[in-house]
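Visitor: Using our numbering, you'd call the opening residue of the sequence shown number 578 and step up by one each time.
Sharing a structure here in structure tokens format.
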Amino acid sequence: PCPDTQSKKHQCYENMQTTDNESSSLPPNFNEDESDYSSSSRKKEKTTKEEQEGHRKKKMSDRLKEVTEMNKELQKKLDEMETEKEKERLDNELTEVKKKMKEIEEEKERVDNELTEVKKKMEEKEEEKARVDNELTEVKKSMKETQEEKARVEDEVTEVKTKMKETIEEKAQVENELTKMKKKMMKTEEEKERVDNEFTEMKKKMKETIEEKAQVENQLMEVKKKMKETIEEKERVEDEVTEVKTKMKETIEEKARVEDELTKVKKKMMKTEEEKERVDNEFTEMKKKMKETEEKSRLEKHIHYLMWIASVLVLVPLSFGLHFTFK
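Pasting the structure below:
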């Protein structure tokens, strides 16, 4: 049997054809010097061998023709089979390429959707940051107003203390004058009437002094009321600062989550070189924005420290004011 490959089949058929041609060209094996055969026998034998040789040549020729036709048919079928296999292979490769292209398109679309979602979240973060900045500005404004109110209250407390000191000094002066008048009244009866008049005048002054004292006490009550409002304002500012701290904490947590999502998106988008460069640029921009968020967190700590100082500045004068009031 011939081998399966095309080149070896051709070689096999050529060898078979050459062998047949060589065998057909061989001369009959006669020995003319043989003395045992007669001329008629030799002629008959020669005729028989020639017929056999002709028959064998015809048979080999038919066989060669048949083999040649078979070879052509086999070669044709082989070519068709190879063409079909090549076509099938190309179709399979084309199908695989189309499938991969579809998967790449779907992956690209999914990554684009994820990137759009990330951009949307970053815009929301920017809006949240702007709102937090506005709230911080409002808190600073409230703290400034609180400090101004504290300074005004301190001025009023100082004024009340000054009036109370003047009232005490005036009371001591009146008592000294009354003592002197009593001594003078003991000298003469005529002086008594004058002293009575002066005493009446002193009573009038004492009444005015008492009214002045009541007025001072009313002012002190007003100062206490304002101090209470200041304390309530301080508590409200502290609540706002606490709320800002909570929002800043949520912002930091959201930052960590967005960074994780960005890392995942970055890994997925590394499949294409062009997308990689764009994602790296956006990732750098997002890291920059996250750094600004961290700076806002540090600013929140400074605000907390300023609130603590403001509370000290409010409570210390308040304690002194209450001390002098009860004294």
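We treat Cβ as the ideally placed atom computed from N, Cα and C, and that holds for glycine.
What is the C-beta distance between VAL695 and GLU838, in whole angstroms, given that I count them as a contact (C-beta under 8 angstroms)?
Guide: Within the sequence shown, the letter at position 118 stands for residue 695. Within the sequence shown, the letter at position 261 stands for residue 838. With 8 angstroms as the limit, VAL695 and GLU838 qualify as a contact, their Cβ atoms being about 6 angstroms apart.
Visitor: Can you tell which of GLU871, LEU876, GLU859 and LYS866 has its C-alpha closest to the C-alpha of THR693?
Guide: Your numbering for residue 693 matches position 116 in the sequence shown. Considering only GLU871, LEU876, GLU859 and LYS866, the residue with the shortest C-alpha distance to THR693 is GLU859.
Visitor: Is the beta carbon of THR723 less than 8 angstroms from the beta carbon of GLU810?
Guide: Here residue 723 is taken as the residue at index 146 of the sequence shown, counted from 1. Here residue 810 is taken as the residue at index 233 of the sequence shown, counted from 1. Yes, the Cβ-Cβ distance between THR723 and GLU810 is below 8 angstroms.
Visitor: Using the rule of at least 16 other Cβ atoms within 10 Å of the residue's Cβ for burial, across every protein chain shown, is GLU599 buried or exposed?
Guide: Taking the sequence shown and counting its residues from 1, the one referred to as residue 599 is at position 22. A caution first: GLU599 carries a pLDDT of 45, below 50, which makes its placement in the model too unreliable to give a value.
Visitor: Does the pairing of the segment 670-677 with the segment 828-835 give three or more beta-carbon distances under 8 angstroms?
Guide: No contact exists between the segment 670-677 and the segment 828-835.
Visitor: Going by the CB atoms, is the gap between GLU817 and VAL716 shorter than 8 angstroms?
Guide: As a first step, residue 716 is located in the sequence shown; it is residue number 139 there, counting from the start. As a first step, residue 817 is located in the sequence shown; it is residue number 240 there, counting from the start. Between VAL716 and GLU817, the C-beta gap is smaller than 8 angstroms, which places the two residues in contact.
Visitor: Measuring alpha carbon to alpha carbon, tell me which residue in MET699, ARG875, GLU785 and VAL674 is nearest GLU747.
Guide: Taking the first residue of the sequence shown as 1, we reach residue 747 at position 170. Of MET699, ARG875, GLU785 and VAL674, the residue nearest in Cα terms is GLU785.
Visitor: Rounded to whole angstroms, what's the CA-CA distance from LYS675 to GLU682? Just pull it up for me.
Guide: Walking along the sequence shown from the start, residue 675 turns up at place 98. Walking along the sequence shown from the start, residue 682 turns up at place 105. So the two alpha carbons sit approximately 10 angstroms from each other.
Visitor: Could you compute how far the alpha carbon of GLU701 sits from the alpha carbon of ILE808?
Guide: Position 124 of the sequence shown holds residue 701. Position 231 of the sequence shown holds residue 808. Cα to Cα, the separation comes out at about 36 angstroms.
Visitor: Write down every uninterrupted run of the alpha helix (DSSP H) in the segment 683-760 whose length is 4 residues or greater and which is fully enclosed by it, in chain order.
Guide: none
Visitor: One question on the structure: do LYS873 and LYS706 come within less than 8 angstroms of each other, judged by their Cβ atoms?
Guide: Numbered from 1 along the sequence shown, position 296 holds the residue referred to as residue 873. Numbered from 1 along the sequence shown, position 129 holds the residue referred to as residue 706. It is a contact, given that the beta carbons lie within the stated cut-off.
Visitor: If we count the other Cβ atoms within 10 Å of its Cβ and call it buried at 16 or more, is GLN825 buried or exposed?
Guide: Position 248 of the sequence shown, counted from the first residue, corresponds to residue 825. Looking at the sequence itself, residue 825 is Met, so the reference to Gln does not match. MET825 comes out buried.
Visitor: Would you tell me roughly how many angstroms separate the C-alpha atoms of LYS822 and SER719, rounded to the nearest one?
Guide: Locating residue 822 in the sequence shown gives position 245, where the first residue counts as 1. Locating residue 719 in the sequence shown gives position 142, where the first residue counts as 1. The alpha-carbon atoms of LYS822 and SER719 are separated by roughly 17 angstroms.
Visitor: Please classify MET658 as buried or exposed, where buried requires at least 16 neighbouring CB atoms within 10 angstroms.
Guide: The residue you call residue 658 lines up with position 81 of the sequence shown. Exposed, because fewer than 16 other Cβ atoms sit within 10 Å of the Cβ of MET658.
Visitor: Is THR828 buried or exposed, if buried means 16 or more other CB atoms sit within 10 Å of its CB?
Guide: As a first step, residue 828 is located in the sequence shown; it is residue number 251 there, counting from the start. Using a 10 angstroms sphere on the CB of THR828, the tally of other CB atoms reaches 16 or more, which defines it as buried.
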